[in-house]
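Order-wise, the sequence lines are chains G and C.
Sequential numbering of the first sequence, starting at 1, is according to this note's numbering.
Sequential numbering of the second sequence, starting at 406, is according to this note's numbering.
Protein chains: 2
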Amino acid sequence: MTSDFAPAGTLDARDATRLRVLQCIRSAGTISRTDIARALDSSPATVTSACGALLDAGLIREERRMPSENVQRGRPRVMLQINGEAFAVAGLKVAREAIVVMIVDFRGDEIGSFVSPLEASCMDPDGLVQEVRRALDAACARHGLDTARIAGLSLGIPGFVNGETGFMHWSSSVTERNVDFAPLFRKHLPCPTFLDNDANLVAKAEHLFGAGRGLSNFLVVTLEHGVGMGIILNGELYRGERGCGAELGHMKVQFGGALCQCGQRGCLEAYVGDYALVRDTSTGQQSDAAKSIQDILHAARNGDRLAREVLDRASQILGVALANLVNLFDPEHIVLARSRPPFDHPYTEAMLTSLRRNTVQVDAPLPEITVRNLDEMMWAKGAAALGIEMVTILKIRERGTQDAA
Amino acid sequence: MTSDFAPAGTLDARDATRLRVLQCIRSAGTISRTDIARALDSSPATVTSACGALLDAGLIREERRMPSENVQRGRPRVMLQINGEAFAVAGLKVAREAIVVMIVDFRGDEIGSFVSPLEASCMDPDGLVQEVRRALDAACARHGLDTARIAGLSLGIPGFVNGETGFMHWSSSVTERNVDFAPLFRKHLPCPTFLDNDANLVAKAEHLFGAGRGLSNFLVVTLEHGVGMGIILNGELYRGERGCGAELGHMKVQFGGALCQCGQRGCLEAYVGDYALVRDTSTGQQSDAAKSIQDILHAARNGDRLAREVLDRASQILGVALANLVNLFDPEHIVLARSRPPFDHPYTEAMLTSLRRNTVQVDAPLPEITVRNLDEMMWAKGAAALGIEMVTILKIRERGTQDAA
DNA sequence: AATTTTTATTTTGATCGGTGAAATAATTGT
DNA sequence: ACAATTATTTCACCGATCAAAATAAAAATT
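Here it is as structure tokens:
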């Protein structure tokens, strides 16, 4: 049942403590044992023992502290930090035209990246896994890394994916439906491999390294061709019962409204997705087909009324959708990750105004909103973030069994 | 910090185990120790000891088993069940015209109920608490109960309430905003008292006693004057960061749409709330003001086209809103609790069709939908459900400290 | 320079919850 | 009566955590 694929939840009490300590160190960056004990509200003794194990496993290291302004009396604290060299993890984002790879160390720092072009944007499962293998090998080769140093591999893919089992219900990148990737990964790839919805990965990245660090309840909305969302509740990715929730792009914002790619009406994507903007600004004239988001923005800036209206409406509707999220989830924070600048100023302003206007009024302040640029690499980095988490658990477990032996 | 008010989260390992065992017994109804061990995946020894404590505390009891079809060899299992007589809890729902009280035993079975009329539908905090006291005393008197037997009291109130702290941001029943009820409760009421949003209470009731028994992720949508929602995620009430999420009634389903009571546009309530139906079926003629939902339904049944259209649209829009929830939360189950019959057949059908049509298509089946009648008493019972849970925790803790002494 | 004070970490010994194994209990089948 | 079977309890132990004591490493003081 608990295969390689989903190692979480299988931690005994001791390993759970070690993991907590590790995560505390990671989120603090640099921290002493005493402060860890304080932060986790546990005894120094416990922290000492957990840190011992983590040091033995090579996952953290002691830092010879700066002789600087530590103007304190008493025995100086020994600072601990994540040992970046512990292992490397590859994050891969399967996009339309390429597989984007980012290799990061255990700290999450980039070691190198690589873009491996794809012949076809939609492949059969076996073909996809082989492309992944090719991308991984090429990325390692480019940066002079032995593929064996990669301790884990994490794959972000658009579509409905159950990140806990590796089962894919549907993806725009895969010809077949209902594929169990776990065995394919085991067969073709050299290290433990994890699969998740790409928006979930960005959420994970924000949670581990970005604006969501240390938060328990926050949302990440991704804005590119489509609109996606990752949900962190109680400090964990919420995946829904069947592993395919968070379909913000197909939230209906207008009853009987505009037609969406998915065949339904009034979906958010049908107003704010790239293709919707292109469609709605087209006037039936000449070069419309070639119109890009850039063109539309440009036109709007030059006073084109249609372009302005479409962008304005998109911003407002996006604000409504975010307001719906605030009304439903009441999160601490929302990260709005957009690929290209269609929602740049002044549209971000319009969006925020609409958000405020459509939120149920409580005296408590609204959740913070962070707008973040999201290039292709960020997706891959998000994948890597998940990989780090998963492999960390594997390593801690491994260590545990070694102790026992 | 951890006052009387929110006893959860303050359980040590042992009490947590006891609580798990107790909840297992509750959700099973009648179960043997061996089966509990199997269900909780723990050792029989642990279960024995936990049950010992629970028996001592009088929270559960052994059932002399039926001599019936237990055609098994070996030592017969001793069945355990919740001891209803352990204590009583009062659930109160603050409605517009009355406070509805239900007194239940520890099993959740009704001991008696009472409706205590209110002079005013909106009171100052002190007045409200005194009305609560009056309602409690009257209910006890009616059923010949000593008020001292009530081990806990739980209050459901419409509005934005932080159920974990007892802090009320706003409620339609209270003249003031931002009231901390906890000290008022301590001052005027004879037993530990808890406060929560009324929709949360119905969710709790479904989780403990209704369609959500044993489920981890499900939603309860309440349909009456307004539209509310309770969210259970990972087996717990999700309250959002500021304790005021789940505002389904103000989810925008139509950009720039119909005007809502709240002053915003396109809210779900503005299409499916009682007052919206009345408004939208009014033709500017004579007795419109007196029109009731019953009248509208009746008119529709008799072929009135406007009434039909309005009800049809309401059903469809409700379906869209539920589809949004499915797309976002991917729950196991949704309970639709409606107070009066505006969404009876054939409108329930229309609603379900709309739900199906607006859900993102995955091969996995849709969550189950249960439609449930929700009379005023159910709200009170929901409140009682929360009360049972809270008091259970208090009792288990109490028992723990007794042991220590 | 030696000593005191202060703070951080480790060691030690005790506690406690959970567990497996063995013992006991309560049946049915022979 | 005795064997077989299943449920529960008892018991000895393990391992995680913790408080307290010991130790370590510095700064301040003498």
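The C-beta atom is built at its ideal place from N, Cα and C for all residues, glycine as well.
Check whether residue i and residue j have beta carbons under 8 Å apart
{"i": "Ala-90 (chain G)", "j": "Gly-387 (chain G)", "result": "yes"}
{"i": "Ala-587 (chain C)", "j": "Gly-564 (chain C)", "result": "no"}
{"i": "Asp-104 (chain G)", "j": "Lys-93 (chain G)", "result": "It should be noted that the sequence gives Val, not Asp, for residue 104 (chain G). No."}
{"i": "Ile-441 (chain C)", "j": "Ala-493 (chain C)", "result": "no"}
{"i": "Met-484 (chain C)", "j": "Ser-447 (chain C)", "result": "no"}
{"i": "Gly-654 (chain C)", "j": "Gly-633 (chain C)", "result": "yes"}
{"i": "Ala-608 (chain C)", "j": "Ile-636 (chain C)", "result": "yes"}
{"i": "Glu-332 (chain G)", "j": "Pro-367 (chain G)", "result": "yes"}
{"i": "Phe-599 (chain C)", "j": "Ser-559 (chain C)", "result": "yes"}
{"i": "Leu-779 (chain C)", "j": "Thr-627 (chain C)", "result": "yes"}
{"i": "Asp-531 (chain C)", "j": "Thr-580 (chain C)", "result": "no"}
{"i": "Asp-700 (chain C)", "j": "His-630 (chain C)", "result": "no"}
{"i": "Val-320 (chain G)", "j": "Asp-280 (chain G)", "result": "no"}
{"i": "Asp-15 (chain G)", "j": "Ile-317 (chain G)", "result": "no"}
Proximal chain G residues relative to residue i, where beta-carbon distance stays under 7 Å
{"i": "His-655 (chain C)", "result": "Asn-327 and Val-360"}
{"i": "Ile-562 (chain C)", "result": "Near Ile-562 (chain C) there are no residues of chain G at all, since even the closest Cβ is about 15 Å away, more than 7 Å."}
{"i": "Ile-722 (chain C)", "result": "Phe-255"}
{"i": "Gln-535 (chain C)", "result": "Going along chain G, no residue has its Cβ under 7 Å from Gln-535 (chain C), so there is no contact; the nearest lies around 25 Å."}
Where residue i sits in the DSSP three-state scheme
{"i": "Leu-215 (chain G)", "result": "coil"}
{"i": "Ser-315 (chain G)", "result": "helix"}
{"i": "Pro-770 (chain C)", "result": "coil"}
{"i": "Leu-34 (chain G)", "result": "Just to set this straight, residue 34 (chain G) is Thr in the shown sequence, not Leu. In the structure shown, Thr-34 (chain G) sits in a helix (DSSP, three-state: H, G or I)."}
{"i": "Asp-601 (chain C)", "result": "strand"}
{"i": "Phe-106 (chain G)", "result": "coil"}
{"i": "Leu-128 (chain G)", "result": "helix"}
{"i": "Gly-144 (chain G)", "result": "coil"}
{"i": "Arg-61 (chain G)", "result": "strand"}
{"i": "Thr-222 (chain G)", "result": "strand"}
{"i": "Ala-270 (chain G)", "result": "helix"}
{"i": "Glu-236 (chain G)", "result": "strand"}
{"i": "Phe-492 (chain C)", "result": "coil"}
{"i": "Ala-587 (chain C)", "result": "helix"}
{"i": "Pro-449 (chain C)", "result": "helix"}
{"i": "Met-573 (chain C)", "result": "strand"}
{"i": "Val-765 (chain C)", "result": "coil"}
{"i": "Arg-149 (chain G)", "result": "helix"}
Within chain G, partners of residue i - CB distance below 9 Å
{"i": "Arg-582 (chain C)", "result": "Asp-363"}
{"i": "Pro-736 (chain C)", "result": "Gly-240, Glu-241 and Gly-245"}
{"i": "Gly-639 (chain C)", "result": "Residue identity check: residue 639 (chain C) is Asn in the sequence provided, not Gly. Neighbours of Asn-639 (chain C) on chain G, chain order: Leu-233, Asn-234, Glu-236 and Tyr-238."}
{"i": "Gln-477 (chain C)", "result": "The contacting residues do not exist; Gln-477 (chain C) stays about 29 Å from chain G at best."}
{"i": "Gln-486 (chain C)", "result": "Within chain G, no residue comes near Gln-486 (chain C); the closest Cβ sits about 30 Å away, beyond 9 Å."}
{"i": "Gln-699 (chain C)", "result": "The premise fails here: Gln-699 (chain C) is roughly 26 Å from chain G at the closest Cβ pair, so nothing lies under 9 Å."}
Contacts that residue i makes with chain C (C-beta to C-beta distance below 8 Å)
{"i": "Gln-261 (chain G)", "result": "Within chain C, no residue comes near Gln-261 (chain G); the closest Cβ sits about 11 Å away, beyond 8 Å."}
{"i": "Ala-323 (chain G)", "result": "Lys-657"}
Contacts that residue i makes with chain C (C-beta to C-beta distance below 9 Å)
{"i": "His-169 (chain G)", "result": "Val-767, Asp-768 and Ala-769"}
Outcome for residue i when other beta-carbon atoms lying within 10 angstroms are tallied against a minimum of 16
{"i": "Glu-144 (chain G)", "result": "Per the sequence shown, the amino acid found at residue 144 (chain G) is Gly instead of Glu. Gly-144 (chain G) should be labelled exposed."}
{"i": "Asn-324 (chain G)", "result": "buried"}
{"i": "Glu-794 (chain C)", "result": "buried"}
{"i": "Gln-72 (chain G)", "result": "exposed"}
{"i": "Cys-665 (chain C)", "result": "buried"}
{"i": "Asp-461 (chain C)", "result": "exposed"}
{"i": "Thr-797 (chain C)", "result": "buried"}
{"i": "Leu-233 (chain G)", "result": "buried"}
{"i": "Ala-790 (chain C)", "result": "buried"}
{"i": "Glu-491 (chain G)", "result": "No statement about residue 491 (chain G) is possible, as the shown extent of chain G runs from 1 to 405 and does not include it."}
{"i": "Thr-353 (chain G)", "result": "exposed"}
{"i": "Asp-551 (chain C)", "result": "exposed"}
{"i": "Asn-178 (chain G)", "result": "exposed"}
{"i": "Glu-754 (chain C)", "result": "exposed"}
Interface partners of residue i on chain C, CB under 7 Å
{"i": "Gln-254 (chain G)", "result": "Gln-659 and Phe-660"}
{"i": "Val-320 (chain G)", "result": "Lys-657 and Phe-660"}
Amino acids of chain G, ordered along the chain, whose beta-carbon sits closer than 8 Å to that of residue i
{"i": "Ile-608 (chain C)", "result": "For clarity, residue 608 (chain C) is Ala in the given sequence; the question names Ile instead. Neighbours of Ala-608 (chain C) on chain G: none; closest Cβ ~14 Å, over 8 Å."}
{"i": "Asn-622 (chain C)", "result": "Gly-240 and Glu-241"}
Quiz item: Which residues, taken in chain order from the region 140 to 164 of chain G, show a beta carbon closer than 8 Å to some beta carbon of chain C?
Solution: Taking 8 Å as the Cβ-Cβ cut-off, the region 140 to 164 of chain G approaches chain C at Phe-160, given in chain order.
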